[in-house]
Amino acid sequence: MIVPLYNGHATNENNNTIDVANGLDCGNTAGYHTFQQNDVVYDEDGTVISGSAEALIRRLIPTHDYCPDRPYIFTLLLNIRTFVAPSELLHKVLQHCMFEQNATGANFTKEGRTRMFANIFKLCSEWTQNMPYDFRDKAMRQRLGELLGLCSVDERSKMLTERLFADLQNTLNRLERYERAIANLSPNNSEKLTQSENLTGLCELCPNPLELAQQLTQIESERLCMIGPDEIVYSLLKDNLDTIGKVRFRHCKNCHSLCISTYFRVKSNILRHSKKQCRVRVIEYFIDVAKECINVGNFNSLMAIVAGLSLPPIARLKKTWLRIEKSKLQILQHQLDPSANFTSYRATLKAAIWRSEGAKNDAETVSDNESFAQFSEQMFNFVKWKTRRCPFERNSRVLQYLLLSSTFTESDLMKLSYECEVAEQSSEKEHYKKLK
């Protein structure tokens, strides 16, 4: 990631060009020439390699004649929360901007205040647009208002501030409406599922596998669009969660709950059929749906369907699987080969390692800015993708079924599985006795 440059070189916090010759030569151990200045390590092109959390935060704070570029703002706001809570970071920014504003009398001129406001507004605008969930707390919004009001000098600055707060409030209101809607979603438990000799369920309601894949994508898109990039950062943390403030994962959990719901629905739709030929048809139907999910790029639903087909209640139905068309399975197995795509995906996540080992505490930890940048590039693409509308037409009947229809419990599914195909092994027979 490139830090703010002046005349092709990185600048220090006083906006003076850093002289490479005066920096601390860090040698060439990483394969390229680096130097250190004020707790930040650069390569020879002025690109930040690593630095202390405080040093990187100093580069985030705007002044009258300096504001970090958009990639730097996004990267730091996203990743620095692994060291500093957003509320603490905003407090630091407000304090430093107050000190900067009161440093000289020239800063109080209209020109000085206008320049300072423009740079503060750029930072605040990027923050509220890309990580609006940081401002769900009223205290955060109040502090944001204090920061923007620090150098507000004319009607234009007031209008920009009002528009920023209006857009932020609209985003937060939409979030609250979505959360209420999700909370009110509950399966129709009064509908008692029973086995049928005739084809029923999704296969009858939506016989076209492509259409079902599209409706699953509608739901996945809606839930994924509500996940903030900051939630993904928090969900990847494994320790010290109590030091970074209150963490919410509810939107990530909503996506996970949808996957669980999908694979329960797959199993229920198969085992609600008492006849083998119906079960065969439903399994082949879901294999076709899984392939269509690949074609539309919906890998969440793909994995949920595969999980539903792979778990014991369905996987043990040997006589049923013998009737499945082999070519359908071969295509799906080929598409799910993990040797290339899965390895690449894991390698990308592995590269996004934030914390260096060996530091005694967070204050001494050196931040790997290259890993910050790699991870932020993926998250920036995620933020842009969230703004895209799902192109598929909604089918309200199918959507209602996917969201509200009841499913069998895990124990009921296993019991039905044994009733469809008799338990043969002693362990299965013992299990079936316990389920009766």
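Residues 1 to 436 (UniProt numbering) are what the sequence shown spells out, left to right. Beta carbons are placed, not taken as given, at the ideal position from N, Cα and C, and that holds for glycine.
Problem - Unbroken stretches of the beta strand (DSSP E), 3 residues or longer, contained in the UniProt domain "N-terminal Ras-GEF" (44-176) - result: The qualifying runs are 48-52.
Practice task
In angstroms with no decimal places, state the Cα-to-Cα distance between L317 and E197.
Solution key: Numbered from its first residue, the sequence shown carries residue 317 at position 317. Numbered from its first residue, the sequence shown carries residue 197 at position 197. Those two C-alpha atoms are separated by around 17 Å.
Practice task
Would you identify the three-state DSSP class for V282, choosing helix, strand or coil?
Solution key: As a position in the sequence shown, residue 282 is number 282, starting the count at 1. In this structure, DSSP gives V282 a helical state, which the three-state scheme calls helix.
Problem - Rounded straight-line distance, which links the Cα of C255 to that of C390 - result: Counting from 1 along the sequence shown, the entry for residue 390 is found at position 390. Counting from 1 along the sequence shown, the entry for residue 255 is found at position 255. C390 and C255: Cα-Cα distance of roughly 16 Å.
Handout entry: V422 classed as buried or exposed, judged by whether at least 16 other C-beta atoms fall within 10 angstroms
Key = As a working mapping, residue 422 is identified with position 422 in the sequence shown. With fewer than 16 other Cβ atoms within 10 Å, it is exposed.
Practice task
Work out the CA separation of S417 and G297 for me, nearest whole Å.
Solution key: Counted from its first residue, the sequence shown places residue 297 at position 297. Counted from its first residue, the sequence shown places residue 417 at position 417. As the crow flies, the alpha-carbon of G297 is around 31 Å from that of S417.
Problem - Beta carbon of C124 nearer than 8 Å to that of L164 - result: Walking along the sequence shown from the start, residue 124 turns up at place 124. Walking along the sequence shown from the start, residue 164 turns up at place 164. For C124 and L164, yes; Cβs fall inside 8 Å.
Handout entry: Local conformation of L416 per DSSP, three classes
Key = Here residue 416 refers to the residue found at position 416 of the sequence shown. Of the three classes helix, strand and coil, the one that applies to L416 here is helix, per DSSP.
Exercise for the section: Quick one: residues in its chain with C-beta nearer than 8 Å to the C-beta of M140, no 5 flanking neighbours on either side, listed in chain order? Expected result: Indexing the sequence shown from 1 puts residue 140 at position 140. In the same chain as M140, and ignoring 5 residues on each side of it, the C-beta atoms closer than 8 Å to its own belong to P86, S87, L90, D134, in chain order.
Handout entry: Simplified DSSP assignment, three categories, for S405
Key = Here residue 405 corresponds to residue number 405 of the sequence shown, with the count starting at 1. For S405, the three-state secondary structure derived from DSSP is coil.
Handout entry: Beta-carbon contacts of Y345 that lie in its chain and below 6 Å, excluding the five residues immediately before and after
Key = Here residue 345 corresponds to residue number 345 of the sequence shown, with the count starting at 1. The pLDDT assigned to Y345 is 35, lower than 50, so where the model puts this residue is not dependable; a value taken from the coordinates is nonetheless given after this. The beta carbon of Y345 lies closer than 6 Å to none in the same chain, with the five residues before and after it left out.
Problem - Anticipated Cβ contact below 8 Å, N130 with F375, distance rounded - result: Reading the sequence shown from its first residue, position 130 is the one you call residue 130. Reading the sequence shown from its first residue, position 375 is the one you call residue 375. About 14 Å; that fails the 8 Å criterion.
Practice task
Look up H273 in the DSSP assignment and give the residues it is bridged to.
Solution key: Position 273 of the sequence shown, counted from the first residue, corresponds to residue 273. According to DSSP, H273 bridges with S196.
Exercise for the section: Alpha carbon to alpha carbon, how far is H273 from T200? Give it in angstroms, no decimals. Expected result: Taking the sequence shown and counting its residues from 1, the one referred to as residue 200 is at position 200. Taking the sequence shown and counting its residues from 1, the one referred to as residue 273 is at position 273. Straight-line Cα distance between these residues: approximately 8 Å.
Practice task
Tell me where the alpha helix (DSSP H) around I227 begins and ends.
Solution key: For the purposes of this step, residue 227 is taken as the residue at position 227 of the sequence shown. That residue, I227, is in no alpha helix (DSSP H); it is neither H nor E in DSSP.
Practice task
Between the Cα of K275 and those of A304, E155, E419, E162, spot the shortest distance and give me the residue it belongs to.
Solution key: Along the sequence shown, read from residue 1 onward, the residue named residue 275 stands at position 275. With distances taken between Cα atoms, K275 lies closest to E419.
Exercise for the section: State whether the segment 69-77 contacts the segment 101-120, with contact taken as three or more CB pairs (one from each stretch) at a distance under 8 Å. Expected result: No: the two stretches stay apart, fewer than three of their Cβ pairs being nearer than 8 Å.
Exercise for the section: Specify whether the segment 381-389 and the segment 277-286 touch according to this definition: at least 3 beta carbon pairs, one from each stretch, less than 8 Å apart. Expected result: Because the criterion of three Cβ pairs below 8 Å is not met, the segment 381-389 and the segment 277-286 do not touch.
Problem - Cut-off 7 Å between Cβ atoms - residues of its own chain near K360, not counting five sequence neighbours on either side - result: Taking the sequence shown and counting its residues from 1, the one referred to as residue 360 is at position 360. At K360, the pLDDT of 40 sits below 50, so the modelled position is not reliable; the number obtained from the coordinates is stated separately. Excluding residues within five positions, none has a Cβ falling inside 7 Å.
Problem - Beta-carbon proximity of S301 to L216, cut-off 8 Å - result: Translated into the one-based positions of the sequence shown, residue 301 becomes position 301. Translated into the one-based positions of the sequence shown, residue 216 becomes position 216. A contact, by the Cβ cut-off of 8 Å.
Practice task
Quick one: measure Cβ to Cβ for R115 and D69, integer angstroms, because I've assumed they're closer than 8 Å.
Solution key: Residue 115 sits at position 115 when you count from the first residue of the sequence shown. Residue 69 sits at position 69 when you count from the first residue of the sequence shown. Their Cβ separation, rounded to whole angstroms, is 17 Å, which puts R115 and D69 out of contact at 8 Å.
Practice task
Using 10 angstroms around the beta-carbon of E231, count the other beta-carbons present and answer buried if the total reaches 16, otherwise exposed.
Solution key: Here residue 231 refers to the residue found at position 231 of the sequence shown. By the 10 Å Cβ count, E231 comes out buried.
Handout entry: Beta-carbon proximity of K122 to V153, cut-off 8 Å
Key = As a working note, residue 122 is residue 122 in the sequence shown. As a working note, residue 153 is residue 153 in the sequence shown. Going by C-beta atoms, K122 is not nearer than 8 Å to V153.
Handout entry: Closest by C-alpha distance to L332, when choosing among L193, S52, V93, F299
Key = The residue you call residue 332 lines up with position 332 of the sequence shown. The shortest C-alpha separation from L332 is found at F299.
Exercise for the section: Assign P209 to buried or exposed, taking buried as 16 or more other Cβ atoms, counted over all protein chains shown, within 10 Å of its Cβ. Expected result: One-based indexing of the sequence shown puts residue 209 at position 209. Looking at its Cβ environment, which holds 16 or more other Cβ atoms inside 10 Å, P209 is buried.
Problem - Reference A166, options G145, A181, L150, closest by Cα - result: Within the sequence shown, residue 166 is the residue found at index 166, counting from 1. Taking only the C-alpha atoms, the option nearest A166 is G145.
Exercise for the section: Quick one: grab the DSSP three-state call for R388. Expected result: Sequence index remark: in the sequence shown, residue 388 carries index 388 (1-based). In the structure shown, R388 falls within a coil segment according to DSSP collapsed to helix, strand and coil.
Exercise for the section: Evaluate A55 with the Cβ neighbour count: other Cβ atoms within 10 Å of its Cβ, from every protein chain shown; 16 or more gives buried, anything less gives exposed. Expected result: Within the sequence shown, numbered from 1, the residue matching residue 55 stands at position 55. Under this definition A55 is a buried residue.
Exercise for the section: Identify whether N208 lies in helix, strand or coil by the three-state DSSP scheme. Expected result: Position 208 of the sequence shown, counting from 1, holds the residue named residue 208. Coil, per DSSP.
Problem - Assigned secondary structure, A290 (DSSP; H/G/I helix, E/B strand, else coil) - result: Taking the sequence shown and counting its residues from 1, the one referred to as residue 290 is at position 290. The three-state reading of DSSP puts A290 in helix, counting H, G and I together.
Exercise for the section: Leaving out five residues on either side along the sequence, give the residues of the same chain with a beta carbon under 8 Å from the beta carbon of G228. Expected result: Sequence index remark: in the sequence shown, residue 228 carries index 228 (1-based). Only M131, P132, Y133, H251 meet the Cβ criterion.
Handout entry: DSSP state of L237 mapped onto helix, strand, coil
Key = The residue you call residue 237 lines up with position 237 of the sequence shown. In the structure shown, the three-state DSSP call for L237 is coil.
Exercise for the section: State the DSSP-derived secondary structure class of I182, mapped to helix, strand or coil. Expected result: Residue numbering aside, residue 182 sits at position 182 when the sequence shown is read from its first letter. Helix, per DSSP.
Exercise for the section: Put G201 into one of helix, strand or coil per three-state DSSP. Expected result: For the purposes of this step, residue 201 is taken as the residue at position 201 of the sequence shown. Residue state, collapsed to three classes: coil.
Problem - Assumed close pair L399, K415 - CB separation to whole angstroms, cut-off 8 Å - result: For this step, residue 399 is matched to residue 399 along the sequence shown. For this step, residue 415 is matched to residue 415 along the sequence shown. The Cβ separation is near 30 Å, so there is no contact.
Practice task
Give the straight-line distance between the Cα atoms of E357 and L236, rounded to the nearest whole angstrom.
Solution key: Within the sequence shown, numbered from 1, the residue matching residue 357 stands at position 357. Within the sequence shown, numbered from 1, the residue matching residue 236 stands at position 236. Below a pLDDT of 50, predicted positions are generally treated as unreliable, and E357, at 38, falls in that range; no measurement from the model is reported.
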